[in-house]
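Under UniProt numbering, the residue at position 140 of the sequence shown is numbered 140, and the numbers go up by one with no gaps.
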Amino acid sequence: MTGEQFVVFQIGKEKYAVPIEQVNEIIGYAAPTKIPFSREYILGVINLRGRIIPIINLGEKICIKNEKRNDDQKIIIIEDSEGVFGAVVDDVEDVKRISKDSIKKINYVVCNGTEYIIGIAKQDNYLIVMLDLNLFWRKCSNEIYN
């Protein structure tokens with residue numbers, strides 16, 4: 001089987017995916033400690049095995065309404081050389097192999113934030129929006145700390 005591996009998750013009724021190499025781990029929902037004066041999409045921080053990790057409501061940041069609340073949700077821990085964060089999602093479905101040929105680039109701007117979109121992949125009878133959450137976090141970090 002060819003293709004790169006992606007973690008497929010859901011926010012609302014929509015499916016999204018992130019390259020598996022961006023995902024450190026997936027955990028059940030843990031209530032974050034709120035940070036005063038933080039942006040609305042920053043839910044707070046959690047202590048994950050001694051590491052303080054900022055948690056964002058990915059749905060709110062990308063303007064998609066979450067369908068589930070708290071205990072039914074998951075947190076995808078994303079880590080790269082520039083940092084770590086957790087993204088709250090409604091559900092994590094599966095790890096899928098998706099060939100590069102099946103990922104279609106977006107050649108037009110449909111909204112702010114399209115720079116985080118790798119492309120759109122068709123799988124079975126649905127579309128999956130492919131996201132680069134490392135780039136997303138770098139942009140969010142600049143927004144938060146500057």
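Glycine residues also receive a C-beta, built at the ideal position from the N, C-alpha and C atoms. Predicted, not measured: the structure shown is a model, and the values here were computed from it.
Rounded to whole angstroms, what's the CA-CA distance from residue i to residue j? Just pull it up for me.
i    : j    : result
I98  : Q5   : 6 Å
I46  : I76  : 13 Å
L48  : I106 : 36 Å
G119 : E14  : 14 Å
K139 : V84  : 13 Å
D80  : A30  : 22 Å
Going by C-alpha distance, which of the options is nearest residue i?
i    : options              : result
S38  : G50, I55, I128       : I55
G28  : D71, P19, I20        : D71
G86  : L133, K104, I35      : L133
I26  : Q73, Y126, I35       : Q73
V23  : E115, V92, I35, E40  : V92
E21  : I103, N125, I78, K15 : I78
Y41  : D80, I62, G50        : I62
N126 : P36, S102, W137      : According to the sequence as given, residue 126 is Tyr; it is not Asn. That would be S102, whose Cα lies nearest to the Cα of Y126.
May I ask you to report which of helix, strand or coil DSSP gives residue i?
i           : result
G119        : strand
residue 179 : Residue numbering for the chain in the displayed model covers 1 to 146; residue 179 lies beyond these limits and cannot be assessed.
K65         : coil
I78         : strand
F9          : strand
D101        : helix
E40         : coil
N125        : coil
G59         : helix
If I measure Cβ to Cβ from residue i and keep anything under 8 Å in the same chain, skipping five residues before and after, which residues do I get?
i    : result
G59  : I11, G12, K65, N66, V88, V89, D90
A17  : F6, V7, V8, F9, K96, I98, A121, I128, V129, M130, L131
I117 : I106, V129, M130, L131, D132
Might you give, ordered along the chain, the residues of its own chain that have their beta carbon closer than 6 Å to the beta carbon of residue i, omitting 5 neighbours on each side?
i   : result
G3  : R97, I98, S99
D94 : V8
K34 : G44
Any idea which residues DSSP pairs residue i with across the strands?
i   : result
N70 : Note: N70 sits in no beta bridge, so no partner.
F85 : I78
P54 : V45
P19 : F6
Keeping to the same chain, check which residues put their C-beta closer than 7 Å to that of residue i; ignore five residues upstream and five downstream.
i   : result
I52 : V45
P19 : E4, F6
P32 : L43, G44, V45, I46, I55
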